[in-house]
Amino acid sequence: MALIGRLHPLLVHFPIALILIAAIAELLAMATRTREWRAVAVANLRAGAAFAVVSTVAGWLLASSRIVEASPSLESHRWLGTYAAVLAIAAACTTGRVVSNPSPRLTWAYRAAVFCAAGLVGVAGHFGAVLVWGADFLRP
Numbered sequence: 079m080a081l082i083g084r085l086h087p088l089l090v091h092f093p094i095a096l097i098l099i100a101a102i103a104e105l106l107a108m109a110t111r112t113r114e115w116r117a118v119a120v121a122n123l124r125a126g127a128a129f130a131v132v133s134t135v136a137g138w139l140l141a142s143s144r145i146v147e148a149s150p151s152l153e154s155h156r157w158l159g160t161y162a163a164v165l166a167i168a169a170a171c172t173t174g175r176v177v178s179n180p181s182p183r184l185t186w187a188y189r190a191a192v193f194c195a196a197g198l199v200g201v202a203g204h205f206g207a208v209l210v211w212g213a214d215f216l217r218p
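For the sequence shown, the working numbering assigns the number 79 to the initial residue and increments by one for each residue that follows.
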């Protein structure tokens with residue numbers, strides 16, 4: 079189990095990229111009203127949600143292994159990452175209906191989940207960077 083936890087820094091970059099690409103593609107789908115961008119969003123979201131589950135499990139294992147010192151940044155990173163994964167999974171579960179038979183309410187809920195998951199991924203990633211590089215990393 080410790081090995082899986084140590085893979086978290088490697089695994090975490092996949093859901094970050096895929097969920098952010100899904101959000102950008104969904105914005106493009108909204109702007110252009112084309113199915114192609116929605117297909118890109120859906121494919122990236124589904125892959126991102128799957129990787130988010132794996133990455134979240136690895137992160138929880140890493141945090142519980144005592145390799146990482148407990149801190150408020152760790153707790154923020156842990157829970158924001160978990161919430162992002164849950165939202166990505168919820169959005170991914172709606173993609174079949176959103177593509178085949180979209181209703182305005184379901185489409186709105188799907189988009190809200192995608193954009194919130196992308197935002198949470200960004201904030202969780204920030205706290206992960208604080209854990210690795212320190213809070214002053216971006217300051218000159």
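A virtual CB, placed ideally from N, CA and C, is assigned to each residue, including glycine.
Next on the checklist: Rounded to the nearest angstrom, what separates ALA196 and ALA136 at their Cα positions?
Outcome noted: 20 Å
Item to check | Separation of ALA121 from GLY203, as counted between CA atoms | outcome: Distance between the alpha carbons of GLY203 and ALA121: 22 Å.
Next on the checklist: Excluding the 5 residues flanking PHE205 on each side, which residues of the same chain have their C-beta closer than 6 Å to its C-beta?
Outcome noted: SER151, SER154, HIS155
Next on the checklist: Check whether the stretch 117 to 133 and the stretch 161 to 170 touch, using three or more Cβ-Cβ pairs below 8 Å as the test.
Outcome noted: yes
Checklist entry - Between VAL118 and ALA130, what straight-line distance do the alpha-carbon atoms span, to the nearest angstrom? => result Approximately 18 Å, taken between the alpha carbons.
Item to check | Assigned exposure category for ARG189 - 16 Cβ within 10 Å defines buried | outcome: buried
Item to check | Residue environment, GLY159, which counts as buried when at least 16 other CB atoms sit within 10 Å | outcome: buried
Checklist entry - Quick one: what's got a C-beta closer than 6 Å to GLY83's C-beta in the same chain, skipping five residues either side? => result Cβ neighbours of GLY83 beyond the five flanking positions: ALA136, LEU139, LEU140, SER143.
Next on the checklist: What does the alpha-carbon distance come out to for the pair ILE145 and ARG217?
Outcome noted: 26 Å
Checklist entry - Buried or exposed: where does SER181 fall if 16 or more other Cβ atoms within 10 Å of its Cβ makes it buried? => result exposed
Checklist entry - Taking the Cβ atom as the reference point for each residue, do ALA163 and THR185 lie within a distance shorter than 9 Å? => result no
Next on the checklist: Once the 5 residues before and after GLY191 are set aside, which same chain residues still bring their CB inside 7 Å of it?
Outcome noted: At residue 191 the sequence reads Ala, which differs from the Gly that was named. Taken in chain order, the residues that qualify are LEU165, ALA168, ALA169.
Checklist entry - How should LEU96 be labelled, buried or exposed, when 16 other C-beta atoms within 10 angstroms of its C-beta is the threshold for buried? => result buried
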